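The structure appears below as structure tokens.
Residue numbers (this note's numbering): 4 to 180.
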């Protein structure tokens with residue numbers, strides 16, 4: 004059964020059909036959210052929010068378009084909201100930390116474990132670069148499809164992909180990988 008038929012059945016009141024949509028897209032949306040946010044808990048929250056939003060707005064779905072793109076567009080925007088919220092929190096936290104005159108024990112400051120190289124490389128990319136890289140590498144999206152998800156031009160999507168690949172290459176060369 005295709006996505007449009009599932010949506011039509013949902014709109015007729017068959018809630019079980021929406022479970023099929025969630026099951027079909029759960030892994031892909033989680034992978035994209037995790038790629039953008041870099042945090043499993045935030046990614047899970049974003050995905051849950053997105054599926055709720057999709058369910059509540061199924062009547063607004065444009066049947067001329069792809070459910071996949073619509074879902075990714077909503078997810079991308081939700082992840083951006085999470086990043087903005089997190090950025091505001093960290094700015095506030097840093098200010099409080101700086102103003103509190105607390106000293107950090109230097110012995111404990113070096114006790115962190117080194118992250119796997121892939122995690123480190125992805126953290127160096129902007130959220131836009133991580134998004135286009137994910138859509139291109141994992142989903143096989145074209146620049147036009149990436150642009151529709153990110154609400155930008157296809158040339159802008161290509162630029163983000165180019166920058167992401169260039170950064171990855173530079174980082175890997177620096178690490179001698």
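The beta carbon of each residue, even a glycine, is placed where N, CA and C say it ideally should be.
All values reported here derive from a predicted model rather than from experimental measurement.
| Item | Value |
| --- | --- |
| Proximity of residue 157 and residue 150 at Cβ, strictly below 7 angstroms | yes |
| Three-way DSSP call (helix, strand, coil) for residue 29 in this model | helix |
| Three or more C-beta pairs below 8 angstroms linking the segment 41 to 58 and the segment 79 to 88 | yes |
| Terminal residues of the alpha helix (DSSP H) in which residue 155 lies | Unbroken run through residue 155: none, as it is neither H nor E. |
| Nearest candidate by alpha-carbon position, reference residue 138, set 27, 18 and 32 | 32 |
| Complete runs of the beta strand (DSSP E) confined to the segment 17 to 83 [at least 3 residues] | none |
| For residue 131, the first and last residue of its enclosing alpha helix (DSSP H) | 130 to 142 |
| Three-state secondary structure assigned by DSSP to residue 5 | coil |
| 7 angstroms Cβ cutoff met for residue 53 and residue 78 | yes |
| Helix, strand or coil at residue 127 according to DSSP, with G and I counted as helix | coil |
| DSSP-derived helix/strand/coil call for residue 148 | helix |
| Same chain, Cβ closer than 6 angstroms to residue 70, five either side skipped, listed in chain order | 6 |
| Inter-residue spacing [alpha-carbon to alpha-carbon] between residue 40 and residue 126 | 9 angstroms |
| Whole-angstrom distance between residue 177 and residue 24, CA atom to CA atom | 43 angstroms |
| Which of helix, strand or coil DSSP assigns to residue 117 | Here residue 117 scores only 38 on pLDDT, less than 50, and its place in the model should not be relied on; the value that follows carries that caveat. Note: residue 117 maps to coil in three-state DSSP. |
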